[in-house]
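What follows is one structure encoded as structure tokens, with my remarks underneath.
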Amino acid sequence: MRTIIVILLLAAVAGVAQEKKTKVSFKQDVLPVITKKCLNCHNTEDESPSNLYLDSYEELMKGDSRHGPVVKPKKGEESVLIMKLRGTTTFGKQMPRGKKPLDEETIEMISTWIDQGAKNN
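This note's numbering runs 1368 ahead of the 1-based position in the sequence shown.
Here it is, written out as structure tokens:
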């Protein structure tokens, strides 16, 4: 009986540790990727051909005038942002345009952030 309790406690602690490990922050995790890989084209200083500006959380969540919001909170795989990063949309080119695509680990991290509610955290 004591062994079962110890195993259950270890499993619970491991689950909490895993949950904390996979928590994704917009400011610490997602924004640095956007800044490095997307802002050359998608900024309010230069007119983006798609009218999608990624200078701020608010701009990202607003989306663009043609396709609306590019982020669907809690629906990473349905979000246009993830589809554009993977090159699976029916319109336009894979992003970042003309540059090496983001690695799958980075795209998955952004998708996880969206699945977690796409919060401004």
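Think of the CB as a built atom: it goes at the ideal place given N, C-alpha and C, for glycine as much as any other residue.
Hey, out of 1447, 1472, 1422 and 1436, whose CA is closest to residue 1485's CA? 1447
For residue 1421 and residue 1410, I'd like the C-alpha separation in whole angstroms. Distance between the alpha carbons of residue 1421 and residue 1410 is about 5 angstroms.
Could you check what DSSP says for residue 1432 in three-state terms: helix, strand or coil? DSSP places residue 1432 in strand when its eight states are reduced to three.
Supposed contact pair residue 1469 and residue 1455 - C-beta distance, whole angstroms, cut 8 angstroms: 7 angstroms
Length of the line joining the Cα atoms of residue 1450 and residue 1444: 7 angstroms
Between the CA atoms of residue 1425 and residue 1442 - distance to the nearest angstrom: Rounded to the nearest angstrom, the two C-alpha atoms are 16 angstroms apart.
Using a 10 Å radius around the Cβ and a threshold of 16 neighbouring Cβ atoms, would you call residue 1393 buried or exposed? exposed
Quick check: the Cα distance between residue 1461 and residue 1396, rounded to an integer number of angstroms? For residue 1461 and residue 1396, the distance between alpha carbons rounds to 27 angstroms.
Apply the 10 Å Cβ neighbour rule to residue 1471 and answer buried if 16 or more other Cβ atoms are within range, or exposed otherwise. By the neighbour-count criterion, in which 16 or more other beta carbons inside 10 Å mark a residue as buried, residue 1471 falls on the exposed side.
Exposure label - residue 1466; buried when at least 16 CB within 10 Å: exposed
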